[in-house]
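Engineer: Attaching a single structure in structure tokens format; questions to follow.
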Amino acid sequence: MRAELLFSLLVCACTASFAAAAPRSSVPPAPALAPLPPPPTVPREVGLASFAGVLSVLQSPRCQNCHPAGVAPLQTDAGVPHSMGITRDSPQVGLDCAACHREVGLDLPNLPPASPHWHLPPAVQVFEGRSPAALCAQLLDPAQTGGRDLGALREHVKHDPLVLYAWSPGGGRTVPPLSHEAFVESFGAWVDAGAPCPAR
Ligand code: HEC
Ligand code: HEC
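Quick note on the numbering used here: the sequence shown kicks off at 26 and runs consecutively.
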């Protein structure tokens, strides 16, 4: 009985290795598919509600003033164009943002707020005046996020010094409507829901 079992096991092993060594059929292999995104771990409705929170931060004055639709950065909670005619071209004509916006500054009203590497993002990274659907689509398009995918954006909103600036702007300036922790949490929940976008 035992010998019989051993024999059949051997036969199996032989045929298996023979099959493995057999020449491959001439059918070309199927083209590799792009990896599927991981399945959502957060319900879509929760993701959409979280995105509303994300949006309320992106379009709050501290963020939006540096992500304007026009050529000039904006100032104050009213979003008025930057004083002294500052535009995104000012650094090219020799007036660097950091000439006034230093790494550390005085916590007094109307002085230039301070943070390392103060500058404007590329002209496509606009938060001002974007509809929720348009801003959502923008975040999903690496051509408009500086090549960042959702994972990289998540890291950006967690650690970037210019993002963190918004929660300690000094000079009596207001801060975004969510805490930084709640903002990062909402951003993560939106991503984990599969990054759903609102219809409008
Ligand atoms: C001083 C100007 C400044 C402020 C203030 C600022 N940003 Fe930005 N932001 C930038 C610059 C510059 C980049 C581009 C950085 C890069 O690509 O390396 C950027 C890029 C981004 C990006 C990635 C690109 C995109 O648009 O998808 C996100 C997301 C972002 N900022 C969110 C925020 C949020 C949220 C706040 C407020 C909490 C904020 N930013 C405040 C200057 C600013
Ligand atoms: C000549 C000095 C000067 C230069 C150069 C300058 N700024 Fe400013 N900036 C200021 C001052 C002063 C304020 C504060 C205005 C106030 O609060 O009344 C300010 C405020 C801002 C604000 C508003 C911050 C907030 O949280 O609302 C943004 C955004 C800004 N500057 C972006 C820039 C960018 C981007 C550049 C370079 C392209 C730049 N600034 C160049 C002086 C300057």
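Glycine included, C-beta positions come from ideal geometry on N, C-alpha and C.
Given the structure is predicted, the values throughout are model-derived calculations rather than measurements.
Would you say the beta carbon of Pro-101 comes nearer than 7 angstroms to a heavy atom of ligand 1?
Structural biologist: What you label residue 101 is simply residue 76 of the sequence shown in a count that begins at 1. It should be noted that the sequence gives Thr, not Pro, for residue 101. It does not: the Cβ of Thr-101 is nowhere closer than 7 angstroms to a heavy atom of ligand 1.
Engineer: Take Pro-221 as the anchor and find which of Pro-63, Pro-62, Glu-70, Pro-53 has the nearest alpha-carbon.
Structural biologist: Mapped onto the sequence shown, residue 221 falls at position 196. Nearest C-alpha to Pro-221: Glu-70.
Engineer: Is the region 157-173 touching the region 57-67 in the sense that three or more CB pairs, one from each, lie closer than 8 angstroms?
Structural biologist: Touching, no.
Engineer: Following a CB-centred definition, is His-144 positioned closer than 7 angstroms to any heavy atom of ligand 2?
Structural biologist: The residue given as residue 144 occupies position 119 in the sequence shown. Yes, Cβ of His-144 sits closer than 7 angstroms to a heavy atom of ligand 2.
Engineer: Expressed to the nearest angstrom, what Euclidean distance is found between the alpha-carbon atoms of Ala-94 and Ala-55?
Structural biologist: As a first step, residue 94 is located in the sequence shown; it is residue number 69 there, counting from the start. As a first step, residue 55 is located in the sequence shown; it is residue number 30 there, counting from the start. One C-alpha to the other measures close to 45 angstroms.
Engineer: State the Cα-Cα distance for the pair Gln-89 and Ser-51, rounded to the nearest angstrom.
Structural biologist: Counted from its first residue, the sequence shown places residue 89 at position 64. Counted from its first residue, the sequence shown places residue 51 at position 26. Using only the alpha carbons, I get a separation of about 58 angstroms.
Engineer: Can you give me the start and stop residues for the alpha helix (DSSP H) that Ser-75 sits inside?
Structural biologist: Within the sequence shown, residue 75 is the residue found at index 50, counting from 1. Residues 69-83.
Engineer: Using DSSP bridges, identify the partner residues of Val-105.
Structural biologist: For the purposes of this step, residue 105 is taken as residue 80 along the sequence shown, with counting starting at 1. DSSP lists Gln-100 as partners of Val-105.
Engineer: Counting along the chain, where does the alpha helix (DSSP H) carrying Ala-220 start and finish?
Structural biologist: Along the sequence shown, one-based indexing puts residue 220 at 195. Note, Ala-220: premise wrong, no alpha helix (DSSP H); not H, not E.
Engineer: Is His-126 near ligand 2, in the sense that its beta carbon is under 7 angstroms from a heavy atom of that ligand?
Structural biologist: Within the sequence shown, residue 126 is the residue found at index 101, counting from 1. Under cutoff, so the answer is yes.
Engineer: With burial defined as no fewer than 16 other Cβ atoms inside 10 Å of the residue's Cβ, what is the status of Thr-101: buried or exposed?
Structural biologist: Within the sequence shown, residue 101 is the residue found at index 76, counting from 1. Exposed: under 16 other Cβ atoms inside 10 Å.
Engineer: When you measure from the CB of His-205 to every non-hydrogen atom of ligand 2, does any distance come out below 7 angstroms?
Structural biologist: By 1-based counting over the sequence shown, the position of residue 205 is 180. No - ligand 2 has no heavy atom lying nearer than 7 angstroms to the Cβ of His-205.
Engineer: Considering Arg-87, what are the terminal residues of the alpha helix (DSSP H) in which it resides?
Structural biologist: As a working note, residue 87 is residue 62 in the sequence shown. 86-89 is the extent of the alpha helix (DSSP H) around Arg-87.
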